[in-house]
Amino acid sequence: MSLASLSEAIEQDPVVTRELLHEVARRSGFTVAPRHEAAYLLGLRSSYAIAKQVDLLPDYVDPRLSIVPTLGGSRKYSKPEPDRNGLSAWCHFLNLQAVKTETRLLENRSIALKDTIAVGYIPQTLGTLPHFISSKTEYPHSQIDATVVRRLLLAGATLKGTSICENFSLSPMSYTSIFGPVHNPWQRGFNSGGSSSGSAALVALRAARKAGIKGLDDLGPDVELAIGGDQAGSIRVPAAYCGITA
């Protein structure tokens, strides 16, 4: 859109009217003086016109987020059966390896990814109900590989699945996921911490098995490493609860 046509759209905007300006100001607890009205309208109408034009642009996906080719072609996933998910820590099982790697740094290392991380063609749940994150009744499938996913695959890692996280990652405890509580592998029925609860539990499960803790054989697969996310303790808290290194 040219500057002239943008200016015309701003001037003729039928949405951001003087009446709307004063109504929004009233609801926000202030009034707009007559001498400031034109300036307020110009600012609001400019923002609205630009937002409309941006909304019409095609979606841009950074090529660095393109999906890494993996062995077997189409990426397959499955929901874990209860007898292979004794801690309720797994969200989806995968077995992803890059067709062509750049290094062998993580070769033969098994890794789980918190279910807030975009893995191409795999559902993301964010630990909540699908209608909270999608207009459909199904969970959205990512159309990109997050940077950390790309780097793991290109370093030779095997991505074994996505791990349960707390509902919208908003809890430091492990009982808010829509899929049920995540158990601590050192003692079933105890908290594994949150919000990266599944990631911590799966790494700790391997540690507990190596330590010789009894009764862990039928809890399903574990992993060597797991990726979480931390803005307010979401990695540090479950790592502390599960006795592993963050």
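Counting in full-length UniProt numbering, the sequence shown tops out at residue 246, every number present.
All C-beta atoms, glycine included, are put in the ideal place defined by N, C-alpha and C.
Note that this is a predicted model, so its numbers are computed, not measured.
Judged by DSSP in its simplified three-state form, Cys242 adopts helix. A direct Cα-to-Cα measurement between Asp55 and Ile235 gives close to 35 Å. As for any alpha helix (DSSP H) of minimum length 4 sitting wholly inside the stretch 7 to 57, the runs are 18 to 27 and 34 to 56, ordered along the chain. Membership of Lys214 in any alpha helix (DSSP H) is not indicated, and neither H nor E is assigned to it by DSSP.
For Gly189, the uninterrupted beta strand (DSSP E) run begins and ends at Gln187 to Asn191, by DSSP. Between the alpha carbons of Met173 and Thr245 lies a distance of about 18 Å. Taking a cut-off of 8 Å on C-beta distances, the stretch 80 to 99 does not touch the stretch 35 to 48, as fewer than three cross pairs fall below it. Beta-carbon to beta-carbon, Ser192 and Pro238 are separated by about 6 Å, close enough to satisfy the 8 Å threshold. Ranking Leu106, Gly229 and Gly86 by CA distance to the CA of Pro185 puts Gly86 first. In this structure, DSSP gives Lys210 a helical state, which the three-state scheme calls helix.
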